[in-house]
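Take a look at the structure set out below.
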Amino acid sequence: MFRKYGLGGSIRMLFHLLRTRLFYSRARLIRFPFELRNHRYIDLGKGLTTGVGCRLEALPQAGAGKMCIRLGTNVQLNDYVHIGAIEQISIGNEVLIASKVFITDHNHGSFDAHTVPEEIRMSPISRPLYAKPVNIGDRCWLGENVVILPGVSLGEGCVVGASAVVTKSFPPYSLIIGNPARLYKRFNLERQQWELA
Numbered sequence: 002m003f004r005k006y007g008l009g010g011s012i013r014m015l016f017h018l019l020r021t022r023l024f025y026s027r028a029r030l031i032r033f034p035f036e037l038r039n040h041r042y043i044d045l046g047k048g049l050t051t052g053v054g055c056r057l058e059a060l061p062q063a064g065a066g067k068m069c070i071r072l073g074t075n076v077q078l079n080d081y082v083h084i085g086a087i088e089q090i091s092i093g094n095e096v097l098i099a100s101k102v103f104i105t106d107h108n109h110g111s112f113d114a115h116t117v118p119e120e121i122r123m124s125p126i127s128r129p130l131y132a133k134p135v136n137i138g139d140r141c142w143l144g145e146n147v148v149i150l151p152g153v154s155l156g157e158g159c160v161v162g163a164s165a166v167v168t169k170s171f172p173p174y175s176l177i178i179g180n181p182a183r184l185y186k187r188f189n190l191e192r193q194q195w196e197l198a
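For the sequence shown, the numbering used here begins at 2 and goes up steadily by one.
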């Protein structure tokens with residue numbers, strides 16, 4: 002550990018490991034600061050690893066008692082990941098999430114054909130919250146600065162390129178890029194190769 006992190010880094014790592022074992026015994030390593038809001042509505046799964054500054058917020062609107070955020074086994078969240086849920090965000094097993102990723106299942110107000118005109122004139126914080134569940138499949142990889150918006154479902158093995166803003170769902174083994182995100186390639190399991198969309 003000393004060669005990899007140096008003296009100061011090794012001391013910090015030992016501190017993080019001790020705090021992890023004490024407060025989050027099912028996790029592999031939590032780097033602090035680490036913030037959970039309404040932890041009783043968050044399932045961290047087993048083997049979680051985080052970077053510094055991660056924030057998970059569960060603010061259930063209805064049906065209090067159900068989990069709003071569920072992480073699978075061996076999920077890795079890098080520095081400054083923010084996950085906010087009022088309904089449900091599910092993240093599968095062995096998912097890798099790079100730094101500064103934002104995942105949400107809700108909006109302040111509705112922005113579809115059913116928008117109520119009065120809501121537009123309200124301050125965003127005063128608008129009603131609208132939610133749609135988010136599901137990220139097993140073994141997905143979300144690149145740096147990715148944003149996942151309400152209602153998105155990513156199939157198993159999806160790769161989301163850096164800074165993509167994902168507004169819709171994609172099938173398994175998709176390579177997704179852009180703002181708004183679009184399908185760039187898809188892995189063909191029969192041919193065992195990536196194919197352009």
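Where is the CB? At the ideal position from N, CA and C, for every residue including glycine.
For my contact list, residue i and residue j are in at a C-beta cut-off of 8 Å; report their separation, rounded to the angstrom.
i	j	result
residue 103	residue 53	So it is not a contact: roughly 16 Å between Cβ atoms.
residue 107	residue 131	6 Å
residue 191	residue 140	Not confirmed; about 19 Å, so no contact.
residue 150	residue 105	7 Å
Can you look up residue i in the DSSP assignment and give me helix, strand or coil?
i	result
residue 52	coil
residue 33	coil
residue 95	coil
residue 131	strand
residue 112	coil
residue 196	strand
residue 58	strand
residue 100	coil
residue 11	helix
residue 190	coil
residue 174	coil
residue 27	coil
residue 38	strand
Establish whether the CB of residue i and some CB of chain D are separated by less than 8 Å.
i	result
residue 136	Any reference to chain D falls outside this structure, which holds one protein chain only.
Can you check DSSP and say which residues form a bridge with residue i?
i	result
residue 105	85
residue 47	Paired residue(s): none; residue 47 is not in a bridge.
residue 166	148
residue 75	Paired residues: none, contrary to the question.
residue 214	Since the displayed the chain opens at 2 and closes at 198, residue 214 lies outside it and no answer follows.
residue 183	178
Could you work out which residue in the options is closest to residue i when comparing CA atoms only?
i	options	result
residue 91	195, 42, 114 and 110	42
residue 88	76, 186, 8 and 62	62
residue 46	81, 36 and 93	93
residue 168	158, 25, 154 and 129	154
residue 195	101, 160, 150 and 181	160
residue 55	27, 78, 192 and 28	78
residue 136	127, 19, 69 and 183	69
residue 144	73, 100, 171 and 14	100
residue 20	7, 112 and 34	34
Can you give me the Cβ contacts of residue i inside the same chain, cut-off strictly under 6 Å, excluding the 5 residues immediately before and after it?
i	result
residue 32	17, 51, 52 and 53
residue 178	162, 165 and 185
residue 138	93, 155, 156 and 157
residue 180	166
residue 109	125 and 128
residue 71	44 and 91
residue 57	37, 43, 70 and 84
Can you name, in chain order, every residue of its own chain whose Cβ lies under 8 Å from the Cβ of residue i, other than the five neighbours on each side?
i	result
residue 187	172, 174, 175, 176, 195, 196 and 198
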